[in-house]
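Protein chains in written order, with the working numbering: chain A, -10 to 530; chain B, 204 to 587.
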């Protein structure tokens, strides 16, 4: 690769000056640098997190007390639908792609992603996708209001927002697939020559598996929404019973995408947590190999359990039993992961900086979400839990205190590497306690609401549910505010603060800690072997 | 941990415990009043306790580790990386626990899906009720008895739930959980439900019966129940079905078998009288009075009480060309609906008298000046 480079260029290639492209357009719009693109992804994801969060605030405001005070029911449904679409596709997924962009090349000793121009494109599609989706809020008839699951026939009543929704989903899918191809190509081809698969940090492993899930299921979603489009505009009857179609077919296709999708949002989180806990326990990750196998097992199982989202649609007994048993099996590899994290802490030498605090909260609160998951796997009881606030509590425990907490933990963990400055530990701890207390006030009472019989996706409720809804709303407002505080902490850290060392954390292992902080614009340019002892999981046995 | 911190945490725990005791209602799943709901409740509790025990062990180990193995106490990190024995143990034990949970779950599911009588034969049902979901009401057909009726949100709840109504929901009895015509069924009877929908997917759920089942257009789903205790049981639609999804409750009155027989006789009488009414000539005033009533319960949700609608989804009736034009076109639209929109085929839903009255009302209200009367007999002739 370096044969044709002139002496002049080699002189430029030194680490001491970054020669970042000059000017905003060249630096950000035209960038092919994995670190810049990672930054773009993270900023975009956070902007969407605040946007989707603002919708959640509207929802919690209306649910603060019984009766309709602020919004009409149809707008309420637009808010629940858009909140979910934006959080899933706009916040959580891009945030993990951002972390992947920043960290994967630095963790495997690669100079950049394998396909840098595609990398640029896969990011820059996203703002357009969400502009298209959000534009429906200003149209006649408003935004999609049939739920993020887009079940026909309801979603097809949405007027022309159907077309905007479908094309936005197509664009998000294209972006995700390109991102996934890039991750796979990078991990398979760009590892430093002496880095084997079982030397890779767990974050890299979980992302490799996630990327395969993405490639497998995003086209399925694209197909499903395309069928919605033709049903709406071209008189097909894929899902229209009056034309010989089958409305339940959509649910099968959607959840064949949708169940792997939930693991797309949690497997990279497992990876982040598996990096952070060993660092602050000053002890190698327990059971590295079984962690890799457990991740692969979860990914495989995620393809064969989809209809547990549909226990109430009227499937035959045999199908219900199969989906119940298969779903229960997911508890086994997930349990292995939790036990391994606890075993990593056991007999370590722990300190409790902000990333570790968020990781510990992740382990406990994600596990609580896992418990309610096991309960809902039981088909006969799920006929009670299904479509109530119990499931709302469940998936917010795994997605907010799971995925989002892992992203926040990762942001604190790697922010000194990205910015070159230490964040303010005191502010970080305030952010942690504020978030953790408020998020539980927000979501824990929703278990009770669901068990007491409150259906999800309703703008108004019977007075018996008033007390817990008020608690939940108060928690929601506090949690929302805590994330605005997080912006301030990150902003302050980027602008200045104590200089970070290369290693940043006392117990940190991994190639990313061998380069200076902030990480130079180009790292690991020589394609040479790396020091395996510096890797997080060094020699695995 | 400092003493002050421990005291603070105990205070919080105490506060939580009392607030939970105070909120006695609805902290847990309801036990319900059927064999199935009791089985679901039992399994819920069983699994919950297993989760709590696992939680105590796992989080306990974590908390011990957090307090004992911390650097500030001078803990030195050991460097072990795995233990095959431990990993095998914590793979096998969860599998065994899952098997233990799966056995009662399988049994309960079989009871629900393939019910059998005491002799092990396929269960016989004494009564079949067809439940049809509409945006946003339920229709109940008693298949053997030939009676049917619609069930919509009770009027006082409907008034209070309008945005800016100024009515405090706390003053409305059974706010959002009350209907005009409840489903009435006999106790201690095997009842089969056939569920379907006319427009979008709904789900019929009464928590005390222990199940919900989707009502899907083009499908007929099956479920069953046998309620032991007479009483009134309330539930709601559980599948998002559009703007008024939160406002189509379910109320089931379970009567003793004698009371049920009396109720049935009364219903048959009323429906016979209604059938006669179709053939008589109605006055304009009668049609308008009946029409206003029907319009406000069936039509006003979308077209609004003043006929202005909510464009573009729900067209205005005030000044509408259709409503001010040939009555036959309007009758046709109301009878057969408009596919792909929320406008239902009311021909299957309302009596000829109600349809004629509502149409007459719309043609002579909101500034519309058709100034004619549509007779139930006309509607009846167009329906055939």
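Ideal placement from N, C-alpha and C gives every residue a C-beta, glycine not left out. Please read all numbers here as calculations on a predicted model, not as lab measurements.
At the 8 Å Cβ level, is residue 315 of chain B part of the contact set with chain A, yes or no? Against the second chain, residue 315 of chain B aligns to sequence position 112. It does; some Cβ of chain A falls within 8 Å.
Which chain A residues are close to residue 439 of chain B, counting only those with a beta carbon under 8 Å from its beta carbon? Locating residue 439 of chain B in the second chain gives position 236, where the first residue counts as 1. What residue 439 of chain B touches in chain A: 442, 444 and 447.
Can you list, in chain order, the stretches of the alpha helix (DSSP H) that have 4 or more residues and sit fully within the region 445 to 496 of chain A? 455 to 484
Spell out whether any CB of chain A is found under 8 Å from the CB atom of residue 305 of chain B. For the purposes of this step, residue 305 of chain B is taken as residue 102 along the second chain, with counting starting at 1. Answer yes: the Cβ-Cβ gap between residue 305 of chain B and chain A drops below 8 Å somewhere.
Let's test the definition: count the other Cβ atoms within 10 Å of the Cβ of residue 499 of chain A and tell me whether it reaches 16, buried, or not, exposed. As a position in the first chain, residue 499 of chain A is number 510, starting the count at 1. Classification for residue 499 of chain A: buried.
Could you check whether the Cβ of residue 254 of chain B sits closer than 8 Å to any Cβ belonging to chain A? In the second chain, counting from the first residue as 1, residue 254 of chain B sits at position 51. Closer than 8 Å: yes.
Residue-level contact to chain A via CB, residue 328 of chain B, 8 Å cutoff: Residue mapping note: residue 328 of chain B aligns to position 125 of the second chain, counting from 1. Closer than 8 Å: no.
Rounding to the nearest angstrom, what Cα-Cα distance links residue 254 of chain B and residue 89 of chain A in this structure? As a working mapping, residue 254 of chain B is identified with position 51 in the second chain. As a working mapping, residue 89 of chain A is identified with position 100 in the first chain. Spanning the two alpha carbons is a distance of roughly 34 Å.
Using only CA atoms, which one of A/398, A/145 and A/425 lies nearest to residue 412 of chain A? In the first chain, the residue the question calls residue 412 of chain A occupies position 423. The shortest Cα separation from residue 412 of chain A among A/398, A/145 and A/425 belongs to A/398.
Does DSSP classify residue 226 of chain B as helix, strand or coil? Taking the first residue of the second chain as position 1, residue 226 of chain B is located at position 23. Note on residue 226 of chain B: pLDDT 45, under 50, position unreliable in the model; no value is reported.
Can you check which of these residues, B/499, B/468, B/429 and B/447, is closest to residue 241 of chain B by C-alpha distance? Position 38 of the second chain holds residue 241 of chain B. That would be B/429, whose Cα lies nearest to the Cα of residue 241 of chain B.
Any C-beta of chain B under 8 Å from that of residue 313 of chain A: Numbered from its first residue, the first chain carries residue 313 of chain A at position 324. Yes, residue 313 of chain A lies at the interface with chain B (some Cβ there is under 8 Å from its Cβ).
Can you check which of these residues, A/405, A/477 and A/110, is closest to residue 551 of chain A by C-alpha distance? Nothing can be reported for residue 551 of chain A, as the shown portion of chain A is limited to -10 through 530.
Residues that DSSP places opposite residue 437 of chain B in a beta bridge: By 1-based counting over the second chain, the position of residue 437 of chain B is 234. Note: residue 437 of chain B sits in a beta bridge opposite B/454.
Indicate the three-state DSSP secondary structure (helix, strand or coil) for residue 395 of chain B in the structure shown. The count along the second chain starts at 1 and reaches residue 395 of chain B at position 192. It is a strand residue.
Excluding the five sequence neighbours on either side, which residues of its own chain have a C-beta within less than 7 Å of the C-beta of residue 259 of chain A, listed in chain order? Along the first chain, read from residue 1 onward, the residue named residue 259 of chain A stands at position 270. For residue 259 of chain A, where only same-chain residues beyond five positions count, the Cβ hits under 7 Å are 195, 284 and 326.
The alpha helix (DSSP H) spanning residue 295 of chain B covers which residue range? For the purposes of this step, residue 295 of chain B is taken as the residue at position 92 of the second chain. Start and end: 287 to 316.
Counting only beta-carbon atoms, is residue 404 of chain B nearer than 8 Å to chain A? The residue you call residue 404 of chain B lines up with position 201 of the second chain. So, interface residue.
If the cut is a Cβ gap below 7 Å, which residues of chain B does residue 452 of chain A touch? Position 463 of the first chain holds residue 452 of chain A. Ordered by position in chain B, the residues that pass the 7 Å Cβ test against residue 452 of chain A are 372, 373 and 378.
What do you get for residue 224 of chain B, buried or exposed, if any count of 16 or more other CB atoms within 10 angstroms of its CB means buried? Counted from its first residue, the second chain places residue 224 of chain B at position 21. Note that residue 224 of chain B has pLDDT 46, beneath the 50 cutoff, so the model's placement of it is unreliable and the number below is only indicative. Residue 224 of chain B should be labelled exposed.
At least one CB of chain A closer than 8 Å to the CB of residue 512 of chain B: is that the case? Your numbering for residue 512 of chain B matches position 309 in the second chain. Taking Cβ atoms only, chain A never reaches closer than 8 Å to residue 512 of chain B, which makes this a no.
Can you confirm whether the region 54 to 62 of chain A touches the region 116 to 128 of chain A when touching is taken to mean that 3 or more C-beta pairs between the two stretches lie within less than 8 Å? no
Could you list the residues in the region 448 to 470 of chain B with a C-beta less than 8 Å from some C-beta on chain A, going in chain order? 448, 449 and 450
Run through chain A and tell me which residues come within less than 8 Å of residue 544 of chain B, C-beta to C-beta. As a first step, residue 544 of chain B is located in the second chain; it is residue number 341 there, counting from the start. Neighbours of residue 544 of chain B on chain A, chain order: 146.
Answer with yes or no whether the minimum CB distance from residue -10 of chain A to chain B is below 8 Å. Here residue -10 of chain A refers to the residue found at position 1 of the first chain. At residue -10 of chain A, the pLDDT of 40 sits below 50, so the modelled position is not reliable; the number obtained from the coordinates is stated separately. Taking Cβ atoms only, chain B never reaches closer than 8 Å to residue -10 of chain A, which makes this a no.
Is residue 522 of chain A close to chain B, meaning its C-beta is less than 8 Å from at least one C-beta of that chain? For the purposes of this step, residue 522 of chain A is taken as the residue at position 533 of the first chain. Closer than 8 Å: no.
Whole-angstrom distance between residue 452 of chain A and residue 411 of chain B, CA atom to CA atom: Position 208 of the second chain, counted from the start, is the residue given in the question as residue 411 of chain B. Position 463 of the first chain, counted from the start, is the residue given in the question as residue 452 of chain A. Straight-line Cα distance between these residues: approximately 18 Å.
CB-CB under 6 Å to residue 563 of chain B, same chain, minus the five flanking residues each way: which ones, in chain order? Against the second chain, residue 563 of chain B aligns to sequence position 360. Taken in chain order, the residues that qualify are 490, 494, 576 and 577.
Kindly indicate if chain A contains any beta-carbon less than 8 Å away from that of residue 298 of chain B. By one-based count along the second chain, residue 298 of chain B stands at place 95. Residue 298 of chain B counts as touching chain A.
Look at the Cβ atom of residue 414 of chain B, then the Cβ atom of residue 441 of chain B, and state whether they are nearer than 8 Å. Counted from its first residue, the second chain places residue 414 of chain B at position 211. Counted from its first residue, the second chain places residue 441 of chain B at position 238. Going by C-beta atoms, residue 414 of chain B is not nearer than 8 Å to residue 441 of chain B.
In the DSSP assignment, find the beta strand (DSSP E) that holds residue 592 of chain B and state where it starts and stops. The requested residue 592 of chain B does not occur in the structure, where chain B is confined to residues 204 to 587.
Distance, Cα to Cα, residue 72 of chain A vs residue 530 of chain B? Taking the first chain and counting its residues from 1, the one referred to as residue 72 of chain A is at position 83. Taking the second chain and counting its residues from 1, the one referred to as residue 530 of chain B is at position 327. So the alpha carbons of these two residues sit roughly 44 Å apart.
With 16 as the cutoff for other CB atoms within 10 Å, does residue 219 of chain A come out buried or exposed? In the first chain, the residue the question calls residue 219 of chain A occupies position 230. Classification for residue 219 of chain A: exposed.
What separation, rounded to the nearest whole angstrom, lies between the Cα atoms of residue 516 of chain A and residue 183 of chain A? Along the first chain, read from residue 1 onward, the residue named residue 516 of chain A stands at position 527. Along the first chain, read from residue 1 onward, the residue named residue 183 of chain A stands at position 194. The straight-line gap from Cα to Cα measures roughly 10 Å.
Where does residue 413 of chain A sit, in a helix, a strand or coil, going by DSSP? As a first step, residue 413 of chain A is located in the first chain; it is residue number 424 there, counting from the start. Residue 413 of chain A: coil per DSSP, three-state reduction.
Determine the closest residue to residue 431 of chain A out of A/465, A/420 and A/409, with distance taken between C-alpha atoms. Numbered from its first residue, the first chain carries residue 431 of chain A at position 442. For residue 431 of chain A, the nearest C-alpha among the options comes from A/465.
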